[in-house]
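Quick note, the sequences are listed as chains A and B, same order. Number 457 in this note's numbering belongs to position 319 of the first sequence; there are no gaps in the numbering. Number 677 in this note's numbering belongs to position 240 of the second sequence; there are no gaps in the numbering. Cβ coordinates follow ideal geometry from the N, Cα and C atoms, glycine included.
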Amino acid sequence: MTEKTNSTITKNTIITFFKERPWAQYILFGVLLSSIAFLPQIGVMRNSTMSIFALIIIYTIAAFGLNLLLGFSALISLATAGFIGGGALGIGIFLNMGLPFEVAVLLVILSGIVIGAFIGILSLKSQGIYLAITTLFVQEILRQIYTSVGIFGGERIDIGTITILGGIELNRFNFAHRSIIFLILIAVMVIIMIIFRNLIKSRSGRAFMAMSRSKSAAAAMGVNIMKYRVYAFIIATVFAMLAGVLYAMYYQSAPTRAWTLDLSLLLLAMVVAGGFKSVFGMFLGAFVVYGIPTLFLEDIFGDVSEIFAGLLIILVVLFYPQGLIHSGPDIKKGFKKIVGLFRKKEVTQDE
Amino acid sequence: MSKNTVLKIDDVVMRFGGLTAVDHLNLEIKEGEIVGLIGPNGAGKTTVFNCITQFYDSYEGSITFNNEDGETIDLKSKKVTEIIDLGLVRTFQNIELIPDLSIIDNVMIGAHNQFKTGLVQHLLSTPKVRKEEKRIYDKALDVLAFMNMSDLKDQMVHGQPYGILKKVEVARTLMSDPRLIILDEPAAGLNDSETDELETLIYKIRDEYNASILLIEHDMGFVMNICDRIAAINFGKNIATDTPAKIQAHPNVQEAYLGKGDDE
Numbered sequence: 139m140t141e142k143t144n145s146t147i148t149k150n151t152i153i154t155f156f157k158e159r160p161w162a163q164y165i166l167f168g169v170l171l172s173s174i175a176f177l178p179q180i181g182v183m184r185n186s187t188m189s190i191f192a193l194i195i196i197y198t199i200a201a202f203g204l205n206l207l208l209g210f211s212a213l214i215s216l217a218t219a220g221f222i223g224g225g226a227l228g229i230g231i232f233l234n235m236g237l238p239f240e241v242a243v244l245l246v247i248l249s250g251i252v253i254g255a256f257i258g259i260l261s262l263k264s265q266g267i268y269l270a271i272t273t274l275f276v277q278e279i280l281r282q283i284y285t286s287v288g289i290f291g292g293e294r295i296d297i298g299t300i301t302i303l304g305g306i307e308l309n310r311f312n313f314a315h316r317s318i319i320f321l322i323l324i325a326v327m328v329i330i331m332i333i334f335r336n337l338i339k340s341r342s343g344r345a346f347m348a349m350s351r352s353k354s355a356a357a358a359m360g361v362n363i364m365k366y367r368v369y370a371f372i373i374a375t376v377f378a379m380l381a382g383v384l385y386a387m388y389y390q391s392a393p394t395r396a397w398t399l400d401l402s403l404l405l406l407a408m409v410v411a412g413g414f415k416s417v418f419g420m421f422l423g424a425f426v427v428y429g430i431p432t433l434f435l436e437d438i439f440g441d442v443s444e445i446f447a448g449l450l451i452i453l454v455v456l457f458y459p460q461g462l463i464h465s466g467p468d469i470k471k472g473f474k475k476i477v478g479l480f481r482k483k484e485v486t487q488d489e
Numbered sequence: 438m439s440k441n442t443v444l445k446i447d448d449v450v451m452r453f454g455g456l457t458a459v460d461h462l463n464l465e466i467k468e469g470e471i472v473g474l475i476g477p478n479g480a481g482k483t484t485v486f487n488c489i490t491q492f493y494d495s496y497e498g499s500i501t502f503n504n505e506d507g508e509t510i511d512l513k514s515k516k517v518t519e520i521i522d523l524g525l526v527r528t529f530q531n532i533e534l535i536p537d538l539s540i541i542d543n544v545m546i547g548a549h550n551q552f553k554t555g556l557v558q559h560l561l562s563t564p565k566v567r568k569e570e571k572r573i574y575d576k577a578l579d580v581l582a583f584m585n586m587s588d589l590k591d592q593m594v595h596g597q598p599y600g601i602l603k604k605v606e607v608a609r610t611l612m613s614d615p616r617l618i619i620l621d622e623p624a625a626g627l628n629d630s631e632t633d634e635l636e637t638l639i640y641k642i643r644d645e646y647n648a649s650i651l652l653i654e655h656d657m658g659f660v661m662n663i664c665d666r667i668a669a670i671n672f673g674k675n676i677a678t679d680t681p682a683k684i685q686a687h688p689n690v691q692e693a694y695l696g697k698g699d700d701e
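Now the structure itself:
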C-alpha cells in the first residue's frame with residue numbers, strides 16, 4: 139500500500155516538474171526523438187525512414203516561423219519555401235566559397251534578418267489577402283531566381299562533407315555520421331522550441347498578439363505596430379533559412395527546383411493542422427501532413443496516396459479547426475473509456 | 438487653492454472632408470477632477486478622445502498635457518504610441534482586448550512601455566528578462582487585487598461576461614501609473630449593481646492612483662452622480678461646461694437633447 143502511494147507521489151512530482159518547466163518537456167521530447175538516430179544503426183529502421191524524420195524536423199522548424207506570423211501576428215506568408223531554399227542554397231554558396239561552416243551559418247542568419255526586414259517593410263503596406271498575394275509573388279520571384287541564376291548551379295549546389303567546429307567531418311554517406319547529423323537537427327529543433335516559447339511568453343509575444351487582435355488597443359498601450367510586424371517577419375525568415383541550412387547539412391546538397399509554392403502551402407497546412415500558437419503542434423502538424431503520407435500511406439495506397447493525404451488534412455481541419463494538438467483531451471477520454479471497460483470486467487471477475 | 442491643470446484642449450477643430458466633427462472646442466481638466474463629456478449621438482465625443490490620444494493628429498488648435506514635473510507638453514509632438522508614456526491612457530467604446538490571452542496577460546500589456554528588454558533578450562529569456570517579467574507580473578497582481586479580480590487572473594478573456602471585460606480594460610489602464618484616464622462609455626452595457634460598483638471604483642482610482650478622469654457616458658444618472666464638472670457638446674461645439682446641477686438646468690443642453698421647445 140505504502141509503495142503504491144510512494145510511486146504515485148513520485149509520479150506526481152515528475153508530472154509537476156515537467157508541467158512547470160516547458161523547456162524540460164522539449165528536451166525530453168528531443169531525447170525520445172533521438173532514439174530514431176540509433177534505430178538504423180542496429181538495423182531496425184531503414185536509413186530512408188530516418189531521412190523522412192529529418193525532413194519532418196526541418197519542416198517543423200520552418201513551421202515555427204510561420205506560426206509566429208499566422209497564429210500570433212495574424213500575418214501570412216506564402217514564401218516560406220522560398221526562404222528555406224534561400225537558406226539551403228545560401229549555405230551551399232558560402233561553403234563552396236571556402237568559408238568555415240559556422241561563419242557560413244552566421245552569414246545565412248544575417249541575410250535572413252535583412253530579407254525578413256525587407257518583407258516586413260513590404261507587409262506594412264498590405265493586409266490579409268493582399269499580403270498573401272505579395273508574398274506569393276516573392277515566392278515566385280525566389281523560385282525563378284534559384285532556377286535561372288547561374289550562381290545556384292542550375293540543378294543543385296553540391297556541398298559534400300561538412301566540417302564543423304573546426305575539425306569534425308560529417309559525411310552523409312557514412313551512416314554513423316548521418317545519425318550524428320540527425321541528432322544535430324533534433325538539438326536545433328529543441329533549441330528553437332525553447333526560444334519560441336520564451337518569445338511568446340514575453341513582452342514581445344504579448345505585443346505580437348496585441349497588434350493582431352486590436353490595433354487601437356496596441357497603439358494606445360504603446361505597441362509600435364510597424365516594429366513588431368518587421369520583427370515577426372525577421373524571425374519567420376530566419377527560422378525558415380535555418381531550416382534550409384539543416385536541409386543542406388543533412389542532404390549535403392541543395393536543389394534549386396524543390397522550393398515551390400506547393401511546399402509553402404504544405405507548410406501552411408502543417409501550421410493549421412498542428413494548431414496555431416502551439417509548440418508541439420508544429421511537430422505534430424509536420425508529422426501528419428508530411429510524415430504520415432510518406433511513411434504509411436504511400437506503402438498502402440501507392441500512387442493515390444496524395445488523395446488520402448489530402449482527405450486526412452481536410453478531416454483534421456473539419457474536426458479540429460484549432461489544430462490536432464487539441465485532440466489530446468478527446469484521445470484521453472477515449473482511452474479512459476476503454477481502460478474503464480477493462481477495469482469493470484476485472485472487478486466483476488474478482489467478485 | 439486652484440489645482441494644477443492636467444489637460445487643456447484649446448480651440449480644437451477636427452474635420453473629416455466636409456464634416457466638422459469637432460468645432461472650436463475648449464476644455465480643461467484639473468488634477469484629481471472627474472470630468473464628463475456628454476452630448477447626443479454623433480456630437481463628436483469619441484473624436485475628441487481620438488484627438489487627445491493622437492489617433493487623429495490632423496486637428497487644428499492645441500491639446501497640451503502637463504506632466505508630473507509641471508512641464509507642458511504639446512501632445513501633437515507625440516506619436517500615438519508615446520502617449521501612454523505620459524501617463525495618459527484610455528479605454529475604448531467597443532472593448533479592445535486580446536480574447537485568447539488570460540486576464541492577467543491582458544493587464545500586463547498596459548505596462549508594455551515599462552519594459553527595458555528587447556526581442557533578442559526575450560528569445561533567450563535572460564535573467565534580466567525574467568526579473569522584469571516578474572516585476573510587471575506582480576504589479577498586475579496588485580492591480581487585479583485592487584479591482585477585486587484576483588481570482589480571475591488566469592482565465593481567458595474570451596467568454597467572459599461584458600462587465601468583467603470592461604473591468605479588465607480599466608485594470609489595463611492602471612498599469613501605466615496613470616495621471617489622466619480617459620474612459621469611453623465605461624457604464625454602457627452594465628447593469629445597475631455593476632454601475633454602482635463602477636462608481637465606487639472610479640472614486641477609488643482617483644484617490645489611490647491620484648489620477649484625473651475624463652469620461653464619455655450616456656447614462657445620465659451615472660454622469661450626474663460622479664462628475665465634478667460636465668462638458669456638454671453638440672455638433673462638436675461647446676454648449677456649456679459646468680457642475681452637474683447647472684448643466685441639468687441649462688436650457689441649451691436641454692435643447693440639444695430634446696430639440697427646440699417651441700411648439701408652433
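Distance between Trp161/A and Leu450/A, taken at the CA atoms: about 31 Å. For Asp621/B and Lys339/A, the gap between their C-alpha atoms comes out near 30 Å. Ile653/B is positioned such that its CB atom lies closer than 8 Å to that of Thr483/B. Against chain B, the beta carbon of Leu337/A has neighbours under 7 Å at His559 and Leu560, listed in chain order. Ranking Pro615/B, Ala669/B and Val485/B by CA distance to the CA of Tyr694/B puts Ala669/B first.
Beyond the five residues adjoining it in sequence on each side, Val450/B comes within less than 7 Å, by CB distance, of Thr457, Val459, Asp460, His461, Tyr496, Glu497 and Gly498 in the same chain, given in chain order.
Nearest C-alpha to Lys604/B among Ile663/B, Ala625/B and Lys440/B: Ala625/B.
Taken through DSSP and simplified to helix, strand or coil, Asn647/B comes out as coil. The DSSP-derived three-state label of Phe502/B is strand.
At a cut-off of 8 Å between C-beta atoms, His549/B counts as an interface residue with respect to chain A. For Gly479/B and Tyr369/A, the gap between their C-alpha atoms comes out near 39 Å. For Val328/A, no Cβ of chain B is located within less than 8 Å of the residue's own Cβ.
Taking 8 Å as the Cβ-Cβ cut-off, the region 494-522 of chain B approaches chain A at Val517, Thr518, Glu519, Ile520, Ile521 and Asp522, given in chain order. With contacts defined as CB atoms closer than 8 Å, Tyr284/A and Phe290/A qualify as a contacting pair. The criterion of a C-beta distance shorter than 8 Å is not satisfied by Asn503/B and Thr554/B.
Per DSSP, the beta-bridge partners of Ile653/B are Leu474/B and Asp621/B. The DSSP-derived three-state label of Ala217/A is coil. Among the CB atoms of chain A, one or more fall inside 8 Å of the CB of Asp542/B.
Closer than 8 Å to the CB of Tyr388/A there is not a single CB belonging to chain B. Just so you know, the alpha carbons of Val477/A and Asp468/A end up roughly 14 Å apart.
For Phe672/B, there is no enclosing beta strand (DSSP E), as DSSP gives it neither H nor E. The contact set of Glu570/B on chain A, defined by CB atoms closer than 9 Å, consists of Lys339, Ser340 and Arg341 in chain order. For Ser354/A, a Cβ of chain B is located within less than 8 Å of the residue's own Cβ. Among the residues of the region 150-172 of chain A, none has a Cβ less than 8 Å away from any Cβ of chain B.
For Ile297/A, no beta strand (DSSP E) run applies, since DSSP gives it neither H nor E.
Taking the Cα positions, Phe421/A is about 26 Å away from Asn309/A. The alpha-carbon separation between Arg316/A and Tyr388/A amounts to approximately 7 Å.
The Cβ atoms of Leu380/A and Ile195/A lie no closer than 8 Å to each other.
Sequence-distant Cβ neighbours of Leu578/B in its own chain, meaning closer than 8 Å and more than five residues away, are Ile541, Ser587 and Lys590. For Leu611/B, no chain A residue has a Cβ inside 8 Å of its Cβ, as the nearest lies near 12 Å away. For Tyr369/A, the nearest beta carbon of chain B is closer than 8 Å to its own beta carbon.
Pro393/A and Gly223/A have their C-alpha atoms some 8 Å from each other. Across the region 563-592 of chain B, CB contacts with chain A closer than 9 Å involve Val566, Glu569, Glu570 and Ile573, in sequence order along the chain.
Ranked by Cα distance from Gly476/B, the first of Asn675/B, Arg609/B, Gly658/B and Tyr646/B is Asn675/B. DSSP lists Glu497/B as the bridge partner or partners of Val450/B.
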